[in-house]
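To start, the structure under review is shown below, and the notes come after it.
Numbering (the working numbering), first residue to last: 5 to 244.
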């Protein structure tokens with residue numbers, strides 16, 4: 005785990021504390037920021053399946069079959085149905101437009117989206133292979149998450165507060181003053197950023213498999229999750 009902390013010290017900061025009424029006595033305002041990096045251990049995969057057929061029922065039946073085949077293989081990835089959510093299926097006609105003639109129906113398309121939470125991120129590549137093998141059309145998005153997200157957010161908040169106190173005290177001492185009581189606290193932000201790099205071209209992977217190639221397992225470039233917090237505090241100043 006990597007800790008990066010930076011503190012922006014602003015005396016009489018009316019910008020960062022625009023919405024906070026400042027005290028009439030001597031005071032100091034401090035903005036403390038902290039950042040933590042953590043490795044993800046959960047993957048949330050967003051999938052899309054579509055079928056074109058002559059009738060609406062045939063298109064729906066094909067989509068249902070692909071989704072059921074996907075669900076039937078979840079056990080080997082330690083995924084139960086509580087970790088799967090699927091949208092309602094939708095169907096609509098496909099039209100052909102020729103010159104100035106009225107459009108004609110040439111078939112029907114059925115669509116459905118799914119979201120699968122994989123608690124063992126090491127099985128990500130195998131799961132994607134399984135999804136493509138049952139003719140899931142595409143992998144729309146992959147979110148990387150941490151099972152300890154709440155704990156990391158609490159920790160990064162505590163670190164921002166700690167450093168704000170330390171730097172505020174240091175600045176006050178530099179001007180021969182002591183840090184007094186807290187007048188106000190403002191949590192400016194608390195966020196997490198998930199970054200992910202991978203071969204997301206599901207169509208290309210599927211075509212390679214269909215042509216009988218023996219592709220190497222995909223390599224996923226995993227960035228750490230960034231948890232950050234920013235807290236502004238106004239302290240009273242006690243002159244020595």
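Even glycine gets a Cβ: it sits at the ideal position worked out from N, Cα and C.
| Asked | Found |
| --- | --- |
| CA-to-CA distance, residue 174 to residue 10, given in whole angstroms | Annotation note: pLDDT 38 at residue 10 (below 50); position unreliable, coordinate value reported separately. Distance between the alpha carbons of residue 10 and residue 174 is about 14 Å. |
| The stretch 106 to 116 / the stretch 46 to 57 touching (three or more Cβ pairs under 8 Å) | yes |
| Status (buried if at least 16 other CB within 10 Å, exposed otherwise) for residue 231 | buried |
| Pair within 7 Å by beta-carbon distance, residue 245 and residue 100 | The shown model of the chain, from 5 to 244, leaves out residue 245, and the question about it has no answer. |
| For residue 48, the first and last residue of its enclosing beta strand (DSSP E) | 46 to 57 |
| Simplified DSSP state of residue 237, which is helix, strand or coil | strand |
| N- and C-terminal bounds of the beta strand (DSSP E) containing residue 113 | 108 to 122 |
| 6 Å Cβ shell around residue 83 - same chain, five flanking residues per side excluded | none |
| Nonlocal neighbours in the same chain, by C-beta distance under 8 Å from residue 185, ignoring five residues either side | 239 and 240 |
| Per-residue burial, residue 233 [other beta carbons within 10 Å of its own, 16 or more giving buried] | buried |
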